[in-house]
Ligand code: F6P
């Protein structure tokens, strides 16, 4: 048995689970008028309400003991101090240095990384200023009007999620587009509406040899050169963001047009680096720095708040509670803010690439569940799609609801309707509907039978947490993203896994490279299993 499952803290929590897993949330609220006060926290403009979770006064102390036994505090210090905690890739994990707004020096291999970080931010500011003011001109002397971010994974999802979330802050006259998919539909449809004279391509890739990104970037370059006067025009229309100068040069982008970042920034944590340049261009550098401020404030909270008042720690512990004790398989993220429409997608990568692991830090298979399946959609759209299963299906799905008290827009009616749904769904999930209440509703109606009654019963007692914040500002967004990041980190520490490598994405890439040359001719293929052979041969027949 693993050290984790054998630990006294784990066993105590297991006993506690056996005692309270049937606890009725509605009854607890009736019994304890202080329940909300006990189980909610305020951080700046953000209220975190976790009172609708299946917990009582003893639950958090049990879970906190698990975190302490896993040396969370020491490991948190190690991450912030630049220790090489990504042991398989022999890298530090220092995305927090990118948003370090304090005076603290941060060392990696005996070198303070802060001067390089500040230099990167200054270069981003200078480029933004040139592009916004129009001193940066396209080959025909026109101002840039369209930015195309070409990247995938963390080099796409971060910039896309954040710039979509901050659309109300967009600089007038600038449009942003994202190309990630190798499916040519993505780049063809994007380029169809663009003018090369006024388009700036940002090729974002940590390694700068990712197949999808380089294929899309080469197609963009070809499209551009079909219309540009000469190859030199590339320097006015292509910017690279990467850790790999040589690959950038080989592509044909000069070092002057390259923003560098470092190996100690993981792809899924890179939006804080120059990978966020398209965000900075779209909403302005001041707003990008506000985003960093928000994340920095959340970092400070994570590092200094006691564990029982620490928002990301509590998020993580509740996740462990449901994942490992209730055996919930997934976790749903439900922002009631249309501009957060890519928020769940973003955390799908951040969480599932980080904690989708099945060996511990010593290489032993784990004997407990690690990362959950993360999914979600903005409300209220999701309500008309998958909430049925959340309310009446057989699976336990812990939920996070998020909403702003103020909208950026001012149409009458909408916001209160949106928020009434944000408020009522967690209440409905918790309260459910009893057989008596169903029958009461049916009194006086036409004849009804048991099937109809049963179909209208909601068992309720479904757990959820809610974030209610004043407005989705860059600062608030930065804090919320950092909370989720630290939740992922905390869970990885408890599960004793390396949350910072992603070996699991490699095998599919390697096999795709084997198959690609096999598609170059019409020969019959029989080197794979019969299913893969048949699919390849059918493809060749149909193409
Ligand atoms: O394949 C997974 C991955 O390595 C992610 O971790 C990363 O965000 C993405 O690919 C893109 O990588 P890059 O920025 O190096 O192109």
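Numbering (our numbering), first residue to last: 145 to 687.
Here a beta-carbon is modelled for each residue, glycine too, at the ideal position from N, C-alpha and C.
None of these values were measured; they are calculated from a predicted model.
Contact between residue 350 and residue 284 is ruled out by a C-beta separation of about 33 Å, above the 8 Å threshold.
Inclusion of residue 486 and residue 309 in the CB contact set at 9 Å is warranted, their separation being smaller than that value.
Taken atom to atom, the span from the alpha-carbon of residue 442 to that of residue 264 is near 22 Å. Excluding sequence positions up to five before and after residue 467, its CB lies within less than 6 Å of the CB of 513, 516, all in the same chain and listed in chain order.
Judged by beta-carbon spacing, residue 224 lies within the 9 Å limit of residue 240, meaning their Cβ atoms are closer than that value. In this structure, residue 296 has its CB closer than 8 Å to one or more heavy atoms of the ligand F6P. At least one heavy atom of the ligand F6P is found less than 8 Å from the C-beta of residue 414. For residue 379, the enclosing alpha helix (DSSP H) begins and ends at 378-381. Look at residue 653: its beta carbon is less than 8 Å from one of the heavy atoms in the ligand F6P. In this chain, residue 517 is not harboured by any alpha helix (DSSP H); it is covered by the beta strand (DSSP E) spanning 517-519. Minimum Cα-Cα distance from residue 572 among the listed residues 196, 586, 152, 358 corresponds to 196. If you check the C-beta of residue 195 against the ligand F6P, you find no heavy atom less than 8 Å away.
If you compare the alpha carbons of 491, 580, 553, 165 with that of residue 626, the shortest gap goes to 491. Only residues of its own chain outside the window of five on either side were considered, and among them 540 have a CB closer than 6 Å to the CB of residue 470, listed in chain order. At the C-beta level, residue 320 and residue 300 stay beyond 9 Å of one another. Comparing C-alpha distances from residue 632 to each of 282, 391, 275, 494 shows the shortest one belongs to 494. Per DSSP, the unbroken alpha helix (DSSP H) holding residue 394 starts and ends at 389-395. Under the three-state reduction of DSSP output, residue 386 falls in the strand class. Distance from the C-beta of residue 492 to the nearest heavy atom of the ligand F6P is not below 8 Å. For residue 408, the closest C-alpha among the options 665, 644, 167, 668 is that of 644. For residue 585, the enclosing alpha helix (DSSP H) covers residues 579-586. Going by C-alpha positions, residue 205 is about 12 Å away from residue 154. Residue ranges of uninterrupted alpha helix (DSSP H) with 4 or more members, entirely inside the region 225-309 and ordered along the chain, are 239-242, 258-277, 298-309. Our two residues, residue 189 and residue 498, have alpha carbons roughly 28 Å apart in a direct line. Fewer than three pairs of CB atoms, one per stretch, sit closer than 8 Å, so the region 269-285 makes no contact with the region 325-336. Taking 9 Å as the cut-off, the beta carbon of residue 422 is found closer than this to the beta carbon of residue 307. A straight-line Cα-Cα distance of about 51 Å links residue 630 and residue 667.
The alpha carbon of residue 398 has as its nearest neighbour, out of 315, 375, 163, 624, the alpha carbon of 375. Between the alpha carbons of residue 501 and residue 230 lies a distance of about 13 Å. Contact check for residue 318 against residue 425 passes: the beta carbons are separated by less than 9 Å. Distances from the CB of residue 363 to the heavy atoms of the ligand F6P are all 8 Å or more.
Judged by DSSP secondary structure, residue 531 falls within the alpha helix (DSSP H) whose first and last residues are 531-536. For residue 549, the CB contacts under 6 Å within the same chain, skipping 5 residues up- and downstream, are 614 in chain order. One thing to note: residue 322 has its Cβ no nearer than 9 Å to the Cβ of residue 362.
Proximity of the beta carbon of residue 500 to the ligand F6P is not indicated: no heavy atom of the ligand is located closer than 8 Å. In the structure shown, residue 571 adopts helical secondary structure according to DSSP, grouped into three states.
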